[in-house]
Structure formats: C-alpha cells, structure tokens
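Which chain is which? The protein sequence lines are A and B, in order.
Take the first sequence: its position 184, counting from 1, is numbered 192 in the working numbering, and each next residue is one higher.
Take the second sequence: its position 41, counting from 1, is numbered 57 in the working numbering, and each next residue is one higher.
Note that beta-carbon positions come from the ideal geometry of N, C-alpha and C, so glycine has one too.
Structure record follows, encoded as structure tokens.
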Amino acid sequence: MSAPTTPAAGSPREHRARLRISPGLWFALPFLVLFVGFLVWPLIQGLWMSLTDASLSARAGQFIGWDNYAEALVDAEMWRAIGNTLLFTALSTVPLVAVAFVMAILVYTGLPGQWAWRLAFFAPYLLPVGVVALLFLWLYQPDLGLYNQLLAAVGGEGVAWLSDESVAMWSIVLTTLWWTVGFNFLLYLAALQSIPDHLYEAAALDGAGAWRRLWSITLPQLRRTTAMITILQILASLKVFDQVYLLSKGGPNGSTRPVIEYMYDVGFTGYRLGYASAVSYVFFAIVIAISIAQFAAFRRKES
Amino acid sequence: MAVTEAPRRTTATTASARPRPMGARRARTTANSSSHHILGDGPLPRILALSALGVMAALWLLPLGWALFTALKSEQDASNADHWFWPQHGFTLDGFRTVIERGDLPLWMFNSLLIASVVTIITVAISALAAYSFSRTLFRGRKLWMTATVAAILVPPQLLIVPWFQQMLSLGLADTYAAVILPQTVAPVMVFILKKHFDGIPRELEEAARLDGAGHFRTFWSVILPLSRPMLAAVAIFVFIGAWNNFLWPFVSTSDPNLMTLPVGLTSVKNAYGIQYAQTMASAVLSSLPLIVMFMFFQRHIVKSVATAGLGGQ
Chain A
9 MSAPTTPAAG SPREHRARLR ISPGLWFALP FLVLFVGFLV WPLIQGLWMS LTDASLSARA
69 GQFIGWDNYA EALVDAEMWR AIGNTLLFTA LSTVPLVAVA FVMAILVYTG LPGQWAWRLA
129 FFAPYLLPVG VVALLFLWLY QPDLGLYNQL LAAVGGEGVA WLSDESVAMW SIVLTTLWWT
189 VGFNFLLYLA ALQSIPDHLY EAAALDGAGA WRRLWSITLP QLRRTTAMIT ILQILASLKV
249 FDQVYLLSKG GPNGSTRPVI EYMYDVGFTG YRLGYASAVS YVFFAIVIAI SIAQFAAFRR
309 KES
Chain B
17 MAVTEAPRRT TATTASARPR PMGARRARTT ANSSSHHILG DGPLPRILAL SALGVMAALW
77 LLPLGWALFT ALKSEQDASN ADHWFWPQHG FTLDGFRTVI ERGDLPLWMF NSLLIASVVT
137 IITVAISALA AYSFSRTLFR GRKLWMTATV AAILVPPQLL IVPWFQQMLS LGLADTYAAV
197 ILPQTVAPVM VFILKKHFDG IPRELEEAAR LDGAGHFRTF WSVILPLSRP MLAAVAIFVF
257 IGAWNNFLWP FVSTSDPNLM TLPVGLTSVK NAYGIQYAQT MASAVLSSLP LIVMFMFFQR
317 HIVKSVATAG LGGQ
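Put into structure tokens, the structure is as follows:
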C-alpha cells in the first residue's frame with residue numbers, strides 16, 4: 009500500500025488536489041464528518057475517559073493514569089461477566105450455525121411452501137427485542153407459562169427457566185436461537201441457491217445418487233459460507249446484551265450478566281463513567297484479539 | 017465474495033460483466049430443479065423432509081402463535097392455571113382495545129418509524145457519496161480514510177455508548193431525536209459494501225457521460241446510482257431493520273417517554289400492566305406487525321438484502 013498522500017503518481021488531478029479541496033473530498037465529506045464526530049472522536053474520548061475518574065454527576069474527571077485498568081485487572085465481577093459473555097458465545101454459536109444450516113438445506117430441497125417456510129424462520133429476526141422478551145417471559149413463566157404447562161401435561165416437572173442459575177443461560181441461548189437464527193438461515197439459503205446447476209447435472213450423469221450429491225457437491229460448496237457465518241456469529245454473540253438485560257437482568261445472581269451489561273451497570277447505574285470506559289476497552293481488546301485470530305485462521309484455510 | 021445483484025433493471029452489459037456467485041438466481045427456478053438435486057426421486061425422502069420442515073416451522077411459529085392466542089383471551093382466562101389452554105369465557109378483543117386506547121404504543125411506533133427512516137435516508141446518502149469518492153476520485157488522504165473506514169467495521173457500537181452519552185450532554189442534544197439518530201448514521205460497513213459494488217461497475221459507462229461534459233455529481237447521479245438501485249435498496253432495507261430494532265443506544269440516550277422507540281417503550285409494558293397477560297401479549301402482537309407485514313409484501317427484496325448486505329461484503 010502506498011503512502012496515503014500520493015494517490016497516483018503524476019496525475020494532474022493530484023496536483024490540483026493540493027491547491028484546493030478536490031471534488032472527491034466533497035463527496036466523502038458528509039460521511040467523514042459524522043465518521044470522525046461519532047466514531048473516531050468518541051473512540052479517543054472513551055480511551056481518555058478510561059484514564060480518568062469521570063463520573064455521571066461531576067462533569068470533568070481527574071486524570072488518574074492506569075488506575076482504572078489496574079482495578080479492572082483484579083475485578084472479579086468484570087472477569088465473571090467476561091466469562092459469561094464467552095460462555096454465551098460458545099453455547100449460542102454452534103446451534104445458531106447448525107440449525108440455520110438444517111433449515112436452509114430443508115427449504116432448499118424445493119418442497120412446496122417456500123414463502124411460508126422463509127416467513128416462519130425469518131420473521132422472529134424482524135421483531136424488536138422488546139417483543140422477544142415479552143414473548144419469552146410469558147413462555148418461561150413458571151406457573152402459567154406454556155413451556156411448563158406442556159411439561160406438566162406430559163407428566164414432567166416445571167423448570168425455573170430464568171431463576172435457576174444452572175438453566176438461565178440456556179434459556180437465553182434458546183431465546184436467541186429462536187430470535188436470530190433466521191438471519192444465518194437466509195445467508196445459507198442464498199449460498200445454496202448460487203451453487204451452479206451444471207455441477208449437479210454432471211454428477212447425475214456420472215450416476216451419483218442424491219446422498220452422494222449432497223456430500224460431494226452441496227456440502228463442499230458451503231464450506232466458505234460456513235466459515236463466514238461462524239465468524240460473523242461469534243462477533244455478534246460477543247456483543248450480547250439486549251435480550252439478557254430484558255429477560256433476566258443478568259441474574260439470577262449475576263450468572264447471565266454479560267460484559268456489556270456490566271459496563272452499563274458500572275457507568276449508568278454506578279455513575280462511574282471512567283471505570284465503565286476502561287471495562288469497555290478491555291472488552292474491545294478481547295473482541296479485536298478474537299477477530300484477528302479468526303480472520304488469520306480463515307485466511308490460512310483459504311490459501 | 018463479490019456482491020451480487022439480479023440483472024433486472026440494470027443494463028445487460030453491467031449485469032453480465034460481473035461475477036454473480038450468490039443469490040443471483042430466482043428462487044422460483046431453484047424451487048423446481050433443486051428438489052431433484054438432494055432429495056432424489058422416491059417419495060420417502062420428500063415425506064421425511066416435509067415433516068422435518070413442518071415440525072421446525074411449528075416450533076418457530078409457536079411463540080408468536082401463543083402470544084396471539086393469549087391476547088385474544090380475557091385477562092381472567094389468560095391467568096387461569098387450571099384451564100390454561102382453552103378460554104372459559106370465549107375470545108375477546110378487549111386486550112387489543114385497552115392497549116390501543118392507552119395510546120403509547122402508536123407513539124412508540126411513530127418514533128421508531130421516524131427515527132429508522134431518517135437514519136436510513138442519511139446513512140444511505142452519505143455512504144453512497146463516500147463510496148463513490150473512494151471508488152472513483154482521488155484526493156489527499158483517500159487511502160488513509162478508506163483504511164480507517166474498513167478498520168472501523170470492527171468497532172462494536174456498544175463500546176461507544178459512554179462517550180456518546182457524554183458527547184450529547186456537552187452538545188446540548190441530550191433527549192432529542194438528533195441524539196438518537198446521529199450516532200446510528202455512521203455505518204462503515206455500508207460504505208465498504210457500496211464501494212465494492214461501485215468498483216464492479218465498468219468505467220466505460222461513465223466515459224460516455226464524461227465526454228458529454230458531465231461532472232462527478234452528474235456521473236454519480238445519472239450513471240452510477242441508476243445502476244446501483246438494487247444494491248442501494250438492499251443496503252437501505254438492512255439499515256432500516258437495524259435501526260427499527262436498535263435497543264441499547266435509544267435506551268441510554270432517551271429518558272423522555274415522548275422520544276421512546278418501540279423496543280425501548282416495550283420494556284415499560286411489563287411493569288405497567290403487571291400480570292395483565294392478555295394486554296401484554298396484545299402489545300407484543302401489535303408491535304410485531306409492522307415489519308412482519310412488510311416482510312410478507314417485500315419478502316424477495318428483504319431476503320436479497322440480507323444475502324447481500326448481511327455478509328458485510330465479504
């Protein structure tokens with residue numbers, strides 16, 4: 009990559025660009041102003057705040073160096089929240105990719121009712137998280153909720169879906185699966201529909217049966233898509249907050265509280281904006297590390 | 017992965033000049049041919065696949081179906097543990113009536129619609145302009161800005177809520193529509209997607225316009241944009257759904273009930289209605305309607321939007 013100030017050697021347009029704002033910059037300007045104002049600057053400001061004791065009440069914070077980070081390093085609650093986020097990511101990614109895959113394969117078979125299948129699987133993704141929370145608080149309701157009523161009807165015992173520490177995280181994973189699997193399902197379906205027909209036709213001429221075609225054409229063609237979906241899903245799962253906050257408030261006993269909720273609690277409930285910024289940067293460092301590791305692994309497989 | 021478009025409404029030259037590996041074929045045509053690809057000829061695999069699909073679809077429709085069923089009961093029946101399934105007093109629209117008469121739900125929907133629409137218009141406009149400048153023009157620092165934009169895709173917006181909050185206080189924008197809208201309009205990934213798309217449009221098409229004396233804006237407006245309509249629609253739909261359902265920032269940035277969006281307002285429903293399950297489910301059902309109805313009418317466009325914008329142009 010060449011230095012940013014020399015776009016194309018000797019181009020006359022470049023010469024003019026040095027004298028006045030070139031038309032290209034005018035085009036980019038509205039975006040760049042908002043980009044700097046609401047992304048780059050807040051990113052720097054957040055880093056600065058993480059080095060201060062800024063609070064929600066007193067406006068200007070005092071510079072306190074690395075104190076917030078030193079505190080975070082030994083903050084058991086923060087590490088527990090990070091652990092919860094990682095646990096949620098681990099538990100949710102596999103079903104969110106696998107169930108999406110099964111749905112897509114089944115719809116791809118071309119059975120009648122394409123429109124209805126897509127509606128059934130994707131509609132939940134279109135619901136605001138507030139609706140998702142209301143629906144599942146009702147389904148998970150211990151006495152009247154549908155799930156426990158159905159369990160009772162088959163002679164099973166009721167489950168404390170959101171108030172049992174060993175179950176709550178699973179309930180949140182289940183809700184998330186229902187809510188967002190449609191997105192991955194559509195990505196898989198699009199990938200399936202782009203497999204060229206001639207591959208199947210050639211295989212059919214060679215006498216390959218249906219199973220054979222699934223194993224040696226369909227699945228290999230989806231390898232790249234699966235890698236991409238998994239990467240995006242991990243990044244999305246790491247940012248979990250909304251549904252946890254609305255379903256369990258991070259409880260019972262902090263057993264489902266993700267790191268973003270911890271950041272929110274520290275900053276907006278505990279009024280410690282400086283420390284909340286430090287927590288968010290610790291989280292950011294983890295996201296960056298995971299992203300880099302994933303893309304490196306992806307690249308290596310590609311080549 | 018190159019971004020994909022169906023060839024309709026673009027000229028034949030552009031459509032065929034670019035590789036289209038994904039989602040380019042009509043679902044209608046695949047529906048018939050692909051059945052053969054993995055199911056084979058016998059009736060048994062078809063029956064098995066159909067039942068598997070049916071079971072999954074039923075499971076996925078259950079939460080919304082149960083919400084609707086509950087919403088149509090009287091409050092008394094909704095919380096009757098002994099007769100939890102079939103209502104003893106028949107069905108009623110009372111739940112819906114109460115929710116609509118309260119009036120806050122329509123307000124939240126209006127706010128969501130307003131905010132999501134403005135976010136979508138601004139995001140698509142500034143992203144398309146920036147993408148054009150990155151794709152077709154030269155200016156000082158272009159590579160640096162482009163690199164910064166791509167790198168910024170990795171920044172989780174949740175990370176920025178604390179500084180945004182401070183920023184809105186110091187700009188005097190706290191508790192305004194502008195505070196909710198502005199941070200949401202910066203979408204580096206959309207700039208990236210559109211730039212990749214513009215890069216794929218052959219330059220010969222612009223040469224003709226250039227020869228006619230068209231400047232950058234004319235070229236952008238009458239050559240590039242018309243050729244990118246499906247792509248712009250895909251980006252717009254994606255941004256709109258995201259903004260409509262965005263929760264954390266609207267939740268943090270507004271304390272005025274008059275500014276609440278649907279996802280934020282709904283969090284107060286549970287507390288306000290106590291154990292009024294029929295009313296609660298009525299508001300859940302009403303709140304799901306706008307986008308689900310939209311999906312029913314524009315399914316093909318929305319499916320394509322997710323398939324193109326969803327992978328982030330990868």
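Between A:Y283 and A:N76, the C-beta gap is smaller than 7 Å, which places the two residues in contact.
In the three-state scheme derived from DSSP, where H, G and I count as helix and E and B as strand, B:T283 is classed as coil. Classified as exposed, B:Q104 has fewer than 16 neighbouring CB atoms from the shown chains inside 10 Å of its CB. Comparing C-alpha distances from A:W146 to each of B:L84, B:V251, B:P273, B:E222 shows the shortest one belongs to B:L84. The Cβ atoms of B:T296 and B:V280 lie no closer than 7 Å to each other.
Residue range 84–116 is occupied by the alpha helix (DSSP H) that includes A:N92.
In this model, B:F101 and B:G81 are separated by some 13 Å (Cα to Cα).
Sequence-ordered contacts of the region 237–250 of chain A with chain B read I237, I239, L240, L243, L246, K247, F249, D250 [C-beta pairs closer than 9 Å]. In the structure shown, B:F155 falls within a coil segment according to DSSP collapsed to helix, strand and coil. Assignment of A:F71 by DSSP, reduced to helix, strand and coil, places it in the strand class. For A:A176, the CB contacts under 8 Å within the same chain, skipping 5 residues up- and downstream, are W169, L170, S256, G259, P260, S263, T264 in chain order.
With respect to the 7 Å criterion, B:V205 and B:I169 are classified as neighbours on the basis of their beta carbons.
Per DSSP, B:T324 has no beta bridge partner at all. Under the three-state reduction of DSSP, B:T139 is assigned to helix. By alpha-carbon distance to B:R113, the top candidate from B:A325, B:T324, B:S304, B:A294 is B:A294. Across the set B:A225, B:L123, B:I138, the C-alpha of B:I138 shows the shortest separation from the C-alpha of A:L42. Contact between A:A198 and B:A323 holds: CB atoms are separated by about 3 Å, below the 8 Å threshold. Residues of chain B whose Cβ lies closer than 7 Å to the Cβ of A:R280 do not exist, since the nearest Cβ in that chain is about 10 Å away. Near chain B, meaning a CB-to-CB distance below 7 Å, the residues of the region 52–64 of chain A are Q53, G54, M57. Minimum Cα-Cα distance from A:D151 among the listed residues A:L134, A:G166, A:E79 corresponds to A:G166. The beta-carbon of A:A216 is placed no less than 7 Å from the nearest beta-carbon of chain B.
B:T86 sits in a helix when the DSSP states are folded into three classes.
Relative to A:R88, the option among A:A305, A:F303, A:L213, A:F291 whose CA is nearest is A:F291.
A distance of 7 Å or more separates the beta carbons of A:R221 and B:I63. In the three-state reduction of the DSSP assignment, A:T264 falls in the coil class.
With a minimum length of 4 residues, the unbroken runs of alpha helix (DSSP H) contained wholly in the region 185–244 of chain A fall at 205–213, 218–221. Per DSSP, B:T163 has no beta bridge partner at all. At a cut-off of 4 residues, the continuous stretches assigned as alpha helix (DSSP H) that sit fully inside the region 58–127 of chain B are 59–87, 91–94, 110–118.
Contacts with chain A (Cβ-Cβ distance below 8 Å) from the region 245–259 of chain B involve I257, listed in chain order. The C-beta distance from A:V139 to B:A300 rounds to 5 Å, short enough to fall under 8 Å.
Its chain contains T101, L104, V105, N192 as the residues whose beta carbon lies nearer than 7 Å to that of A:Q241, once the 5 sequence neighbours on both sides are disregarded; these appear in chain order. Closer than 7 Å to the CB of A:I268 there is at least one CB belonging to chain B. At least 7 Å separates the CB of A:P204 from every CB of chain B.
Here the C-alpha atom of B:I209 lies approximately 44 Å from the C-alpha atom of B:E117. Take B:D110, set aside five residues on each side of it, and the residues of its chain with a beta-carbon closer than 8 Å to its own are S90, E91, A294, in chain order. With a beta-carbon spacing of about 6 Å, B:T153 and A:F35 fall inside the 8 Å limit used to define contacts.
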